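For reference, the structure is listed below as structure tokens.
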Amino acid sequence: MIDPDGYRPNVGIILMRPDGRLFWARRVRRDGWQFPQGGMNSDETPIEAMYRELREETGLLPGHVEVLGATPGWLRYRLPQRAIRRNDRLVCIGQKQVWFLLRLVGRETDLRLDLTDTPEFDHWRWVDFWYPVEHVVMFKRGVYARALDHLAPFARQIAGTQAVPVREPDPRIAGWQRGRNRPRPRNREPGARIDGRPHGHDRGGSG
Numbered sequence: 010m011i012d013p014d015g016y017r018p019n020v021g022i023i024l025m026r027p028d029g030r031l032f033w034a035r036r037v038r039r040d041g042w043q044f045p046q047g048g049m050n051s052d053e054t055p056i057e058a059m060y061r062e063l064r065e066e067t068g069l070l071p072g073h074v075e076v077l078g079a080t081p082g083w084l085r086y087r088l089p090q091r092a093i094r095r096n097d098r099l100v101c102i103g104q105k106q107v108w109f110l111l112r113l114v115g116r117e118t119d120l121r122l123d124l125t126d127t128p129e130f131d132h133w134r135w136v137d138f139w140y141p142v143e144h145v146v147m148f149k150r151g152v153y154a155r156a157l158d159h160l161a162p163f164a165r166q167i168a169g170t171q172a173v174p175v176r177e178p179d180p181r182i183a184g185w186q187r188g189r190n191r192p193r194p195r196n197r198e199p200g201a202r203i204d205g206r207p208h209g210h211d212r213g214g215s216g
């Protein structure tokens, strides 16, 4: 499912322990690390897609987590040119995402990466709250920074300010975002609510 501007609807999952550290996973057969994420089906709301992806990629069920917050609209990033397949009928140039912050209330032993025939990840660890902004692949850094900036207050209520300090914006990330990952969409659209109903104008930005 790709929208008229070439973006595929997607959900991102930030899984947090009560101490503020985040689930950080390595993609199978690659050296890249990232948060769980995945595309939405046409008949799914964002929160339905989130729970499905959570189960497929981490093995966790809804009872293992508590939803602390979500971004109020779409956050976008563009794919690098080498990743765009232009022989497809509908060209996907990037992802538009709703991000969820979840607190792990189950046990770490509930985490499993091998529930599907094609696992997304082969290893995981816990990292400091702002660590992913500096260590995810470059073209995702802007959207990771915006998602974590929005969700940090929810995390701070659980883990405290020492575990989730206020982040100083990094001009390198901001510059990358302005220069490469923020095309203006041709058509404005309603933002995404986590229950799938319209949420006014697109407040999530177009990057």
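Per this note's numbering, the very first residue in the sequence shown carries number 10; after that it's consecutive. Heads up, the beta-carbon is just placed ideally off N, CA and C, and yes, glycines get one too. Quantities reported herein were computed from a predicted structural model and do not represent experimental measurements.
Spell out a yes or no on whether the stretch 59-75 and the stretch 100-115 are touching, meaning 3 or more CB-CB pairs, one atom from each, closer than 8 angstroms. Yes, the stretch 59-75 is in contact with the stretch 100-115.
Check whether the stretch 114-134 and the stretch 59-71 are in contact - that is, three or more C-beta pairs closer than 8 angstroms. Enough Cβ pairs lie closer than 8 angstroms, so yes.
Can you grab the Cα-Cα spacing for the pair G29 / I167, in whole Å? Between G29 and I167, the C-alpha separation is close to 7 angstroms.
Who are the near neighbours of Y86 in its chain, counting only those whose CB is closer than 7 angstroms to its CB and skipping five residues on each side? If you ignore the 5 residues before and after Y86, its C-beta comes within less than 7 angstroms of the C-beta of G103, Q104, F148, K149, G151, V152, N190, G216, all in its own chain and listed in chain order.
Y16 in three-state terms, based on DSSP: Reduced to three states, the DSSP call for Y16 is strand.
Residues bridged to F32 (per DSSP): Note: F32 sits in a beta bridge opposite W135.
Hey, out of P178, R155, G169, whose CA is closest to W83's CA? In terms of CA proximity to W83, R155 leads the group P178, R155, G169.
Which class does D59 belong to by DSSP, given the choice of helix, strand or coil? A small correction: the amino acid at residue 59 is Met; Asp does not occupy that position in the sequence shown. Helix, per DSSP.
Does the beta carbon of T54 fall short of 7 angstroms from some heavy atom of the ligand NAP? Annotation note on the ligand NAP: not contained in the displayed structure, which lists no ligands.
Range of the contiguous alpha helix (DSSP H) that encloses Q166: In the DSSP annotation of this structure, the continuous segment of the alpha helix (DSSP H) that includes Q166 starts and ends at 150-168.
Spatial distance of V175 from F138 (CA atoms): Answer to the nearest angstrom: the Cα atoms are 11 angstroms apart.
Pull up the DSSP beta-bridge partners for Q106, would you. The partner list for Q106 (beta bridge, DSSP) reads N19, L84.
Look at the alpha carbon of V136 and the alpha carbon of E53, and state the distance between them as a whole number of angstroms. Distance between V136 and E53, taken at the CA atoms: about 30 angstroms.
Closest residue to G21 among Q43, R91, P180, T170 (Cα-Cα distance): Nearest C-alpha to G21: Q43.
If you compare alpha carbons, which of E143, L31, D158 is closest to W133? The residue from E143, L31, D158 with its alpha-carbon nearest to that of W133 is L31.
Limits of the beta strand (DSSP E) - the one that V175 falls within: DSSP places V175 outside any beta strand (DSSP E), giving it a letter other than H or E.
Can you tell me whether DSSP reads G214 as helix, strand or coil? Residue placement at G214 is poorly supported in this model, since its pLDDT is 33, which falls under 50; the coordinates are not used for a value here.
Below 6 angstroms CB to CB, which residues in the same chain sit around Q106 once its five sequence neighbours on both sides are set aside? Excluding its 5 nearest sequence neighbours in each direction, Q106 has C-beta neighbours in its own chain below 6 angstroms: N19, G21, L84, listed in chain order.
One or two residues paired with E75 in a DSSP bridge: Under DSSP, E75 shares a beta bridge with R112.
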